[in-house]
Amino acid sequence: MQLNSPSSEYAATMSPVAKAINILQAETNVQMGCLLPNINLLITKLDRIKFTIPLVDALQLGLKKHFRHMFQDPELIAAANLLPKFKTTWTKDDAAITMGMDYIKDHLEEQLQQLGDGTSLSDEEDFSAMKTSQAQEISKQLDVYLACSADHMELLKSFPAVCKLSLRLNTPFHRRERLGFRNVENQILLKMNRKFFNFK
77 MQLNSPSSEY
87 AATMSPVAKA
97 INILQAETNV
107 QMGCLLPNIN
117 LLITKLDRIK
127 FTIPLVDALQ
137 LGLKKHFRHM
147 FQDPELIAAA
157 NLLPKFKTTW
167 TKDDAAITMG
177 MDYIKDHLEE
187 QLQQLGDGTS
197 LSDEEDFSAM
207 KTSQAQEISK
217 QLDVYLACSA
227 DHMELLKSFP
237 AVCKLSLRLN
247 TPFHRRERLG
257 FRNVENQILL
267 KMNRKFFNFK
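Per the numbering used here, the sequence shown starts with residue 77, numbered consecutively.
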């Protein structure tokens, strides 16, 4: 692409940055899982720019400096994998996808274990068979979810275990966060956005 003026080159360089910021600062459809795919896409788009190299280098250096540790966080990677829009296609880094999938499988197993915490010893044999069946069902839910070509949020309703984990990971506040004024305001925003998902 041949651009005539420095201002048009600057605008062309900053356009992907502006789009990424708009997506990440949106007031609807706010999920933690959008962060890494959008940053990854922004870095990829900046790699393709062949003009204003010093600006591109500075932007990429800043992005890598501020977000590098997040690309090593299995919870954030899993959050992206559990959004139907991204699943496992948002990065070419197989190690990151594997890290996220391991996190998902471990936490789906935790859900299964929490179901069994209340069983008595007399129910042990029945529970063992039921637990194996539930583990297979949860594993099947994850496999079918990943294989499904649909990319809308309604898809998650078909996979209850995956949906529950996706909701937990894609809520941007940890349980340990204090509910100060700003966090309460953000929680209200999330509550208002919940109607777009219709999860029960």
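Ideal placement from N, C-alpha and C gives every residue a C-beta, glycine not left out. Note that the structure is predicted; figures quoted are calculated from it, not measured.
Reference residue i; option with closest CA among the options
i, options, result
"Q187", "Q210, D133, I173, D169", "Q210"
"M90", "N105, L112, Q136", "Q136"
"S83", "N105, N98, K95, T128", "T128"
"M229", "N157, E213, D133", "N157"
"R144", "P113, V220, F162", "P113"
"V93", "L131, A226, V106, N105", "L131"
"E96", "E85, A134, L139, D149", "For the record, residue 96 in the displayed sequence is Ala; it is not Glu. Checked all of E85, A134, L139, D149; the closest Cα to A96 is L139."
"S242", "K126, C110, L100, T104", "C110"
"D170", "Q189, Q190, Q148", "Q148"
"E213", "C224, F235, A226, S225", "F235"
"L152", "I264, N116, A237, E85", "N116"
"L122", "N98, N105, E85", "E85"
"Q189", "E103, T167, A237, I173", "A237"
"I264", "N98, E103, S81", "E103"
For residue i, the first and last residue of its enclosing alpha helix (DSSP H)
i, result
"P113", "111-124"
"R244", "236-245"
"K140", "129-143"
"L100", "82-100"
"N157", "150-157"
Whether residue i touches residue j by CB criterion (9 Å)
i, j, result
"T247", "M108", "yes"
"P160", "L232", "yes"
"S215", "K181", "yes"
"L245", "L218", "no"
"L222", "K163", "yes"
"A154", "M177", "yes"
Residue i, buried or exposed, once every other Cβ within 10 Å from all chains shown has been counted against 16
i, result
"H142", "exposed"
"A87", "exposed"
"T165", "exposed"
"L100", "exposed"
"V220", "exposed"
"S196", "At S196, the pLDDT of 49 sits below 50, so the modelled position is not reliable and the matter cannot be decided from this model."
"A172", "buried"
"T120", "exposed"
"T167", "buried"
"S81", "exposed"
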